[in-house]
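Beneath this line is the structure, given in structure tokens, with notes to follow.
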Amino acid sequence: NAGVTQTPKFQVLKTGQSMTLQCAQDMNHNSMYWYRQDPGMGLRLIYYSASEGTTDKGEVPNGYNVSRLNKREFSLRLESAAPSQTSVYFCASRGGLTLPQHFGDGTRLSIL
Amino acid sequence: KQEVTQIPAALSVPEGENLVLNCSFTDSAIYNLQWFRQDPGKGLTSLLLIQSSQREQTSGRLNASLDKSSGRSTLYIAASQPGDSATYLCAVSDYKLSFGAGTTVTVRA
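Chains as they are written, first to last, in our numbering: chain A, 1 to 112; chain B, 113 to 221.
Listed below in structure tokens is the structure:
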């Protein structure tokens with residue numbers, strides 16, 4: 001009963017380093033999403049993938065890239081981390097536009 | 113661009129009181145509205161989903177209403193308990209979810 005799994009749960013990076021956040025869902029959902037959550041600002045969409053093979057920008061895509069590796073997996077990459085990217089990152093998935101989104105437990109990322 | 117607002121930002125009530133949380137949105141072209149609960153340092157737990165064609169949805173002590181024409185939803189939590197203390201987020205869905213900033217609820221024993 002895993003649902004949406006994110007790795008790692010915590011990470012500390014230095015400015016300029018790169019890393020990839022991993023997300024996998026086992027619910028056979030078509031759509032997957034990456035959000036970031038900052039204090040007082042709610043969740044904001046970074047990128048999404050409406051179906052396998054497609055990706056699109058959300059509200060705050062600058063500094064990030066994504067890969068929809070297959071139907072299960074959707075990764076988020078920071079090529080050159082900046083302190084402004086310190087945040088909590090959530091991955092989500094859903095089976096269709098009228099269905100609920102399911103969220104992972106988040107990755108807490110600090111960039112020094 | 114969809115704007116979602118939640119009022120109040122924080123709420124403190126004694127145990128047993130009913131809770132009323134408000135959510136407003138600017139674009140009524142939505143598929144549905146979802147209410148979430150988030151505990152400190154944790155992920156989001158889905159509470160209720162209301163389709164755009166529905167007026168309300170109920171689950172146990174929780175009831176959510178939706179007035180799409182006026183761009184409003186209300187989450188009612190009956191007979192609050194200290195375990196209800198958390199941040200409650202509403203999100204409206206078109207091709208993605210647009211979130212409010214949340215209402216942080218404290219229920220005092």
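Just so you know, even glycine gets a beta-carbon here, dropped at the ideal spot from N, CA and C.
For residue i, go through chain B and note every residue whose CB falls closer than 9 Å to its CB, in chain order.
| i | result |
| --- | --- |
| A/Phe90 | Gly155 and Leu156 |
At the level of alpha carbons, what is the spacing between residue i and residue j?
| i | j | result |
| --- | --- | --- |
| A/Ile111 | B/Asn175 | 40 Å |
| A/Asp26 | B/Leu209 | 21 Å |
| B/Tyr143 | A/Thr5 | 26 Å |
| B/Leu187 | A/Gln17 | 43 Å |
| A/Arg68 | A/Gln37 | 21 Å |
| A/Ala46 | B/Val219 | First, the residue type needs correcting, since residue 46 of chain A is Ile and not Ala in the sequence shown. Going from the Cα of A/Ile46 to the Cα of B/Val219 covers about 34 Å. |
| A/Pro61 | B/Glu168 | 35 Å |
Hey, residue i and residue j are a contact pair by Cβ (cut 8 Å); roughly how many whole angstroms apart?
| i | j | result |
| --- | --- | --- |
| B/Leu160 | B/Ser177 | 10 Å between Cβ atoms; not a contact. |
| B/Gly214 | A/Gly42 | 6 Å |
| B/Ser192 | A/Pro100 | The Cβ separation is near 24 Å, so there is no contact. |
Kindly identify the DSSP beta-bridge partner or partners of residue i.
| i | result |
| --- | --- |
| B/Asn134 | B/Ile119 and B/Thr186 |
| B/Leu209 | B/Ser205 |
| A/His102 | A/Ser93 |
Mind pulling the chain A residues with CB within less than 8 Å of residue i?
| i | result |
| --- | --- |
| B/Gly212 | Gly42 |
With 8 Å set as the bound, which would you pick, yes or no: does the beta-carbon of residue i sit closer than that to a beta-carbon of chain A?
| i | result |
| --- | --- |
| B/Gln166 | no |
| B/Ser171 | no |
| B/Leu133 | no |
| B/Gln193 | no |
Residue i touches chain B at which residues, Cβ-Cβ below 7 Å?
| i | result |
| --- | --- |
| A/Leu45 | Lys208 |
| A/Tyr64 | What A/Tyr64 touches in chain B: nothing, since even the nearest Cβ is about 15 Å away. |
At a CB-CB cut-off below 7 Å, which residues of chain A make contact with residue i?
| i | result |
| --- | --- |
| B/Asn175 | Those within 7 Å of B/Asn175 in chain A number zero; the least Cβ separation is about 17 Å. |
What does residue i reach in chain A if we use C-beta pairs closer than 9 Å?
| i | result |
| --- | --- |
| B/Gln163 | Thr98 |
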